[in-house]
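Numbering (the numbering used here), first residue to last: 195 to 332.
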């Protein structure tokens, strides 16, 4: 139940960042292709939620290696999906490929990764504290 709540929380943060993606479009629409920016941030938000859910399933497990594997799998999925999205974008819009949008996409990737890392580390700390409390009460 708590994991679902955190997934909704991360989804809400993703929605906020997705809305914030409109800010560069409003103020710098001469510099960015707005459709590409919105599509990129939407793909990144979707992949980040998927990555968070994959990594979040391993939080609270007795084996700490499972948490590390879950985080690494989530990071790998997010990284490869983003690389695939950029390559597809490159092939579809070869004539109008704009590197400034790529740098903006990298900045959003960093923001989503920071949010995901903070939420996962907080959840892992709570899980370890709860396990220690359960062991001490036995």
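No residue lacks a Cβ here, since even glycine has one placed at the ideal position from N, Cα and C.
For this session: Let me know the secondary structure DSSP gives residue 303 once reduced to three states.
Result: The residue given as residue 303 occupies position 109 in the chain shown. Helix.
For this session: Measure how close the beta-carbons of residue 235 and residue 302 come, nearest whole angstrom, since I'm counting them as under 8 Å.
Result: Here residue 235 is taken as the residue at index 41 of the chain shown, counted from 1. Here residue 302 is taken as the residue at index 108 of the chain shown, counted from 1. The Cβ separation is near 5 Å, so the contact holds.
For this session: Under the assumption that residue 248 contacts residue 261 (Cβ atoms under 8 Å), give the Cβ distance between them as a whole number of angstroms.
Result: Taking the chain shown and counting its residues from 1, the one referred to as residue 248 is at position 54. Taking the chain shown and counting its residues from 1, the one referred to as residue 261 is at position 67. Contact doesn't hold; Cβ gap of about 12 Å is too wide.
Exercise. Candidates 228, 229, 246: which alpha carbon is nearest residue 206's?
Worked result: Position 12 of the chain shown holds residue 206. Of the listed residues, the one whose Cα sits closest to residue 206 is 246.
Exercise. When DSSP labels each residue in this structure, what does residue 253 get in the three-state scheme?
Worked result: The residue given as residue 253 occupies position 59 in the chain shown. Coil, per DSSP.
Exercise. Considering residue 291, what are the terminal residues of the alpha helix (DSSP H) in which it resides?
Worked result: Residue mapping note: residue 291 aligns to position 97 of the chain shown, counting from 1. Premise fails: residue 291 is in no alpha helix (DSSP H) and is neither H nor E.
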